[in-house]
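Protein sequence lines correspond, in order, to chains A and B.
Residue 26 in my numbering sits at position 26 of the first sequence; the count goes up by one each step and never skips.
Counting from 1 along the second sequence, just add 116 to a position and that's the residue number in my numbering.
Glycine residues also receive a C-beta, built at the ideal position from the N, C-alpha and C atoms.
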Amino acid sequence: GNSVTQMEGPVTLSEEAFLTINCTYTATGYPSLFWYVQYPGEGLQLLLKATKADDKGSNKGFEATYRKETTSFHLEKGSVQVSDSAVYFCALSSNAGGTSYGKLTFGQGTILTVHP
Amino acid sequence: SQTIHQWPATLVQPVGSPLSLECTVEGTSNPNLYWYRQAAGRGLQLLFYSVGIGQISSEVPQNLSASRPQDRQFILSSKKLLLSDSGFYLCAWSNALGNTQYFGPGTRLTVL
Numbered sequence: 001g002n003s004v005t006q007m008e009g010p011v012t013l014s015e016e017a018f019l020t021i022n023c024t025y026t027a028t029g030y031p032s033l034f035w036y037v038q039y040p041g042e043g044l045q046l047l048l049k050a051t052k053a054d055d056k057g058s059n060k061g062f063e064a065t066y067r068k069e070t071t072s073f074h075l076e077k078g079s080v081q082v083s084d085s086a087v088y089f090c091a092l093s094s095n096a097g098g099t100s101y102g103k104l105t106f107g108q109g110t111i112l113t114v115h116p
Numbered sequence: 117s118q119t120i121h122q123w124p125a126t127l128v129q130p131v132g133s134p135l136s137l138e139c140t141v142e143g144t145s146n147p148n149l150y151w152y153r154q155a156a157g158r159g160l161q162l163l164f165y166s167v168g169i170g171q172i173s174s175e176v177p178q179n180l181s182a183s184r185p186q187d188r189q190f191i192l193s194s195k196k197l198l199l200s201d202s203g204f205y206l207c208a209w210s211n212a213l214g215n216t217q218y219f220g221p222g223t224r225l226t227v228l
């Protein structure tokens, strides 16, 4: 079955530091990959996505590249801000097997705290 | 543009009481709809999904049920709440042929 593994965290950084949150996956077929962000007390927001190998998703200074050879989709940002403090979820969606909906499989989430 | 609403935002209920959480989507037709539960602010568990009116699929056996009385309305219910039903409940939608899900603001349920 499908699965997503992301670094546990928590991750604590100083403002303007470089961020990497690792995500690897196992899936049948050709999944689409996503990063969602959840700010305290809120729902999930789609941060970025990639639908095929070598695609790079980017948004708000964050980026992630779909690496089929290493089954990875690591999230990076060159300079984090205090406002980036949140929980980050890696997820995949696969329609393999003829399902009529895109079921999402989530990682456990990584808590990021950025200090001034 | 599409928007998704959930209410109530927070709810405190006694054990054994009934539950009804509502989710509505605006700006799209025939969406796929999903209910998730998030415990302890971390992992998400898919509870139910629906591809059309009256069509509900359950992912895990539990004390909850779901209904879709209208195209853009999705309701999560229980006849008798358990302590273990406490959590953060998230509704999401996607296009019928799409695989990108968009989430609502969530309902925090505390069962005492």
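1. Is Gln-129/B closer than 8 Å to Leu-180/B when the C-beta atoms are compared?
2. In chain B, what lies closer than 7 Å to Ser-32/A by C-beta?
3. Nearest chain B C-beta to Glu-63/A closer than 8 Å, yes or no?
4. Considering only DSSP beta bridges, list what Gly-203/B is partnered with.
5. What would DSSP say about Ser-100/A, mapped onto helix, strand or coil?
6. Starting from Val-167/B, trace the beta strand (DSSP E) both ways and give me its first and last residue.
7. Excluding the 5 residues preceding and the 5 following Ala-91/A in the sequence, name in chain order all residues of the same chain whose CB lies nearer than 8 Å to its CB.
8. Between Tyr-113/A and Pro-31/A, is the Cβ-Cβ spacing less than 8 Å?
9. Check the C-beta distance from Cys-207/B over to Leu-162/B and give it rounded, since I have them as a contact under 8 Å.
10. State the CB to CB distance for the pair Leu-135/B and Ser-193/B, rounded to an integer number of angstroms; the pair is presumed to be in contact (CB under 8 Å).
11. Just checking: is the beta-carbon of Leu-104/A within a distance shorter than 8 Å of some beta-carbon in chain B?
12. Should Trp-209/B go down as buried or exposed, given a rule of 16 or more other Cβ atoms within 10 Å for buried?
Here's the rundown:
1. no
2. Asn-215
3. no
4. Leu-225/B
5. Note on Ser-100/A: pLDDT 48, under 50, position unreliable in the model; no value is reported.
6. 160–168
7. Val-4, Leu-33, Phe-34, Trp-35, Tyr-36, Leu-104, Thr-105, Phe-106, Gly-107
8. Tyr is not the amino acid found at residue 113/A; the sequence shown has Thr there. Going by C-beta atoms, Thr-113/A is not nearer than 8 Å to Pro-31/A.
9. Rounded, the Cβ-Cβ distance is 12 Å, inconsistent with contact.
10. 6 Å
11. yes
12. buried
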